[in-house]
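Enquirer: Protein chains in written order, with this note's numbering: chain A, 141 to 399; chain B, 22 to 362.
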Amino acid sequence: MIGSVLRIWPIATNTLREAIRNKLLYALLFFGVLVIGASVLIASLSYVEGERIIQDIGLAAMQLFSVGIAIFVGIGLIHGEVERRTVYTILSKSITRSEFLLGKYLGLLLTVWLQLVLMAVAFAGVSAAAGASLSVTHVVAVLGIAMELAVVVAVATLFSTFTTPMLAAFFALGVYCIGHLTRDLNALGGQADDPVVRGLAQGIYRVLPDLDSFNFSLYAVHGWALAPNDVLWPMLYAVGYVLALLFMATYIFRVRDLK
Amino acid sequence: MYGNENKTKAKPRLRRRLDSWASATLLGLGFLAVVLVTGFVHQRIPVAPESEQSGRLVPRPEVAQVLSLGFESVVSDYYWLKAVQIAGGARTPGPEQGDYLARLVDLVTYLNPHVGHAYRFAAVWLIQTEEEVREANRLLRRGIESQPEEWRNWFYLGFNHFYYLDETEEAARNLAVASELPGAPAYLSRLVVRLRAESGGLDVAQALLSEMVRDTQTEEALSGYLEALGEIEVERHARDLDSAREAFVETYGRDIESMDELAAFFDPILNRLPRAQPSRVGIELGGESNWVIDPESNQIVSDYYGRRYRVNFASDRAHRIEEWNRSAGTVSESSSEEGAS
Numbered sequence: 141m142i143g144s145v146l147r148i149w150p151i152a153t154n155t156l157r158e159a160i161r162n163k164l165l166y167a168l169l170f171f172g173v174l175v176i177g178a179s180v181l182i183a184s185l186s187y188v189e190g191e192r193i194i195q196d197i198g199l200a201a202m203q204l205f206s207v208g209i210a211i212f213v214g215i216g217l218i219h220g221e222v223e224r225r226t227v228y229t230i231l232s233k234s235i236t237r238s239e240f241l242l243g244k245y246l247g248l249l250l251t252v253w254l255q256l257v258l259m260a261v262a263f264a265g266v267s268a269a270a271g272a273s274l275s276v277t278h279v280v281a282v283l284g285i286a287m288e289l290a291v292v293v294a295v296a297t298l299f300s301t302f303t304t305p306m307l308a309a310f311f312a313l314g315v316y317c318i319g320h321l322t323r324d325l326n327a328l329g330g331q332a333d334d335p336v337v338r339g340l341a342q343g344i345y346r347v348l349p350d351l352d353s354f355n356f357s358l359y360a361v362h363g364w365a366l367a368p369n370d371v372l373w374p375m376l377y378a379v380g381y382v383l384a385l386l387f388m389a390t391y392i393f394r395v396r397d398l399k
Numbered sequence: 022m023y024g025n026e027n028k029t030k031a032k033p034r035l036r037r038r039l040d041s042w043a044s045a046t047l048l049g050l051g052f053l054a055v056v057l058v059t060g061f062v063h064q065r066i067p068v069a070p071e072s073e074q075s076g077r078l079v080p081r082p083e084v085a086q087v088l089s090l091g092f093e094s095v096v097s098d099y100y101w102l103k104a105v106q107i108a109g110g111a112r113t114p115g116p117e118q119g120d121y122l123a124r125l126v127d128l129v130t131y132l133n134p135h136v137g138h139a140y141r142f143a144a145v146w147l148i149q150t151e152e153e154v155r156e157a158n159r160l161l162r163r164g165i166e167s168q169p170e171e172w173r174n175w176f177y178l179g180f181n182h183f184y185y186l187d188e189t190e191e192a193a194r195n196l197a198v199a200s201e202l203p204g205a206p207a208y209l210s211r212l213v214v215r216l217r218a219e220s221g222g223l224d225v226a227q228a229l230l231s232e233m234v235r236d237t238q239t240e241e242a243l244s245g246y247l248e249a250l251g252e253i254e255v256e257r258h259a260r261d262l263d264s265a266r267e268a269f270v271e272t273y274g275r276d277i278e279s280m281d282e283l284a285a286f287f288d289p290i291l292n293r294l295p296r297a298q299p300s301r302v303g304i305e306l307g308g309e310s311n312w313v314i315d316p317e318s319n320q321i322v323s324d325y326y327g328r329r330y331r332v333n334f335a336s337d338r339a340h341r342i343e344e345w346n347r348s349a350g351t352v353s354e355s356s357s358e359e360g361a362s
């Protein structure tokens, strides 16, 4: 077990090092911070509730640009290694395919979490400068985004194991969009008279990721209190969902012919 | 021989350099010309002010919610900013703009029911027709549903029922709820008692309007409420003059022939006539207004307003609609005249 961790860690740090050399990461990070800063100007168009608008836009920018980074950097994870043939060198050492994949996942997750922290600092700075209140709930909201990112990175990793970067981007974006619609689909299906349709909607809701469950922005912006369970259950859900996706990704990657 | 070779080599190099400078200059000038022409052309493209773009599409709230993919708050903020621009661009939104505003606020509050001011914004701006006021009330009730502890939503609902719809009982009911919520001013409960006892009156209208003045943050709406308060002030003077007129009839056994008789007779009922215009309007701005006896109604009226104040918008609606149509007619007449000339 410890040996496995020791083998995964260098791959993760190497992936992080490689990812932070990616110009796309900086471009998205720059635009993310730009939107967070511009929220002050946008909010000035309203004569009331400017602080709320600043925080709405700031949290949304953090979420959107982080997901962009997760998907567009994550889709080339495996493909790049196969293209450059470095995967053969790595796998010829005493590293299993599963360890390699987990290292890649962890490295990308660290990358997106790192840029999330940078955007969160920018968000806190802008909020403080604009006089908008900051509380523990804001930290929880960022934690929620981090959980969502863990799931999205796992989705991107899964698709990167068996398809081209372009298709993986489409699939991952599709899952992200559906992930924010599953609650609506379930609610719509629940209104159907046909039990088959109701069951199908419920099934889709359970199988596809419920990304809205990680959204604590409303709590942060409106200063509502959160119970520990409100955070704990989504956190456990994220862990479970990520593990399930990584199991699938590992299986596919293990049986995949890399030649 | 070698010198000649150098000269022949030097010439093309110089020429090449000149050519590259010339092409760079030409490229720069071309770029500048394109930028200037594009800027000129862009300036010529007419842009309708936001307030006139009333026919623009506002997505159905249910559809917008699905398409916003978890970013409902931001989409809601976007449409809120649009609504603010519409209201800010039009001094008095017309019926089409009112409908546009109503749809925008409906969308804003559907996507994020936890917004605060949007409900009161609707109450301030949707007042041109009864349908608009009813729509504003529907939105206020949505606000009450999501924020039942917010006294101002109950207050605005009560105000709308009292002032625009002349539904005193409903107004009293809503104001009573408002008065019991945290943050509500203490006088509100007394106001409710008076409202129930008198079915309204100048004092109630004045108190409600004063609260609206305190809470309103838009200049246009504020001036509307201040104008109504000014009318109430003049109406108080007019009622004093009614009493003086009655005293005159009792004393002299006849009615007054002109207003001056109340103050200028050898044994005057009043020392002097009160101002016939609101105190906030200076004489230099509004000119000196006078009290006159309206030949049609035989009522004492200020020629500043030309009519007596009615407490409720609803009870005075016929007059207001007439006034609205008249001003609309004047605008269309003058525009057609301009077109003809």
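Ideal Cβ positions, reconstructed from N, Cα and C, are used throughout, including at glycine.
Against I193/A, what residues of chain B qualify as contacts under a CB-to-CB distance less than 7 Å, listed in chain order?
Expert: Chain B residues near I193/A: D98.
Enquirer: Would you say H138/B faces chain A, with C-beta separation under 8 Å as the test?
Expert: With 8 Å as the cut-off, H138/B counts as an interface residue toward chain A.
Enquirer: If we call anything under 8 Å between Cβ atoms a contact, is V292/A one with V175/A?
Expert: For V292/A and V175/A, no; Cβs fall outside 8 Å.
Enquirer: Quick one: what does DSSP say I194/A is sitting in, helix, strand or coil?
Expert: Reduced to three states, the DSSP call for I194/A is helix.
Enquirer: Give the secondary structure of V322/B by DSSP, where H, G and I count as helix, E and B as strand, and everything else as coil.
Expert: The answer is strand: DSSP assigns V322/B an E or B state.
Enquirer: Quick check on S275/A - is its C-beta less than 8 Å from some C-beta in chain B?
Expert: S275/A does not count as touching chain B.
Enquirer: Cβ closer than 8 Å: which chain B residues qualify as neighbours of H320/A?
Expert: Simply L90, G91.
Enquirer: For F356/A, I'd like the list of residues in its chain whose CB is within less than 6 Å of its CB, leaving aside the five on either flank, ordered along the chain.
Expert: Closer than 6 Å at the Cβ level, and outside the excluded window around F356/A, lie V280, A281, G284.
Enquirer: Rounded to a whole number of angstroms, what is the C-alpha to C-alpha distance between T153/A and A205/B?
Expert: Distance between the alpha carbons of T153/A and A205/B: 58 Å.
Enquirer: For V313/B, which residues does DSSP report across the bridge?
Expert: Its beta-bridge partners are V322/B.
Enquirer: Determine the direct distance from the alpha carbon of I197/A to that of G329/A, and round the result to whole angstroms.
Expert: Cα to Cα, G329/A sits roughly 31 Å from I197/A.
Enquirer: So, under 8 Å CB-CB, A199/B and W175/B are touching, yes? Tell me the CB distance rounded to an integer number of Å.
Expert: The pair is a contact, with the Cβ atoms about 4 Å apart (cut-off 8 Å).
Enquirer: Given that W172/B touches chain A, what residues does it touch there, using C-beta distances under 9 Å?
Expert: Simply none; closest approach about 17 Å.
Enquirer: May I ask whether a heavy atom of the ligand COA can be found less than 7 Å away from the beta carbon of L321/A?
Expert: Ligands displayed in this structure: none; no statement on the ligand COA is therefore possible.
Enquirer: Measuring only between beta-carbons, confirm whether V105/B sits less than 8 Å from chain A.
Expert: Closer than 8 Å to some Cβ of chain A, the Cβ of V105/B qualifies, so yes.
Enquirer: Check whether chain C comes within 8 Å of V145/B, counting only Cβ atoms and requiring the distance to be less than that.
Expert: As a matter of chain content, chain C is missing from the structure shown, whose protein chains are A and B.
Enquirer: Would the segment 285 to 295 of chain B count as touching the segment 265 to 276 of chain B if we require 3 or more Cβ pairs under 8 Å?
Expert: The answer is yes - the segment 265 to 276 of chain B touches the segment 285 to 295 of chain B, with three or more Cβ pairs under 8 Å.
Enquirer: Rounded C-beta distance between A262/A and E191/A? I'm assuming under 8 Å.
Expert: Not a contact, Cβ separation roughly 16 Å.
Enquirer: Any idea what DSSP makes of D281/B, helix, strand or coil?
Expert: It is coil, neither helix nor strand.
Enquirer: What are the boundary residues of the alpha helix (DSSP H) that V188/A is part of?
Expert: Counting along the chain, V188/A falls outside any alpha helix (DSSP H), and DSSP gives it neither H nor E.
Enquirer: With a 10 Å radius around its C-beta and 16 neighbouring C-beta atoms as the bar for buried, classify L372/A as buried or exposed.
Expert: Looking at its Cβ environment, which holds fewer than 16 other Cβ atoms inside 10 Å, L372/A is exposed.
Enquirer: Any beta carbon from chain B within less than 8 Å of V227/A's own beta carbon?
Expert: No, V227/A does not count as interfacial toward chain B.
Enquirer: How big is the Cα-Cα spacing for N195/B and G119/B?
Expert: So the two alpha carbons sit approximately 24 Å from each other.
Enquirer: On the three-state DSSP scale, how would you describe P150/A?
Expert: Helix at P150/A.
Enquirer: Answer yes or no: does any C-beta atom of chain B fall closer than 8 Å to that of D370/A?
Expert: Chain B contact via Cβ: absent.
Enquirer: So what's Q255/A in DSSP terms, helix, strand or just coil?
Expert: Here Q255/A sits in helix by DSSP.
Enquirer: Measuring CA to CA, which of D334/A, A294/A, D324/A, Y228/A is closest to F311/A?
Expert: Selected option, being the one with the closest Cα: A294/A.
Enquirer: Using 8 Å as the cut-off, can you tell me whether the segment 385 to 392 of chain A makes contact with the segment 316 to 332 of chain A, which would need three or more C-beta pairs spanning the two stretches below that distance?
Expert: Touching, no, given that fewer than three Cβ pairs across the two stretches are closer than 8 Å.
Enquirer: Consult DSSP for L107/A and reduce its assignment to one of helix, strand or coil.
Expert: The shown model of chain A, from 141 to 399, leaves out residue 107/A, and the question about it has no answer.
Enquirer: Could you give the residue range of the alpha helix (DSSP H) that holds P295/B?
Expert: Unbroken run through P295/B: none, as it is neither H nor E.
Enquirer: Does F356/A come out as helix, strand or coil in the three-state DSSP assignment?
Expert: Coil.
Enquirer: So with Cβ pairs under 8 Å, would you call Y187/A a contact of chain B?
Expert: Output row for Y187/A: interface = yes.
Enquirer: Starting from D236/B, follow the alpha helix (DSSP H) in both directions and report where the run begins and ends.
Expert: That run of the alpha helix (DSSP H) goes 223 to 236.
Enquirer: I'd like to check one pair, L274/A with I209/A: are the Cβ atoms closer than 8 Å?
Expert: It is not a contact, given that the beta carbons lie outside the stated cut-off.
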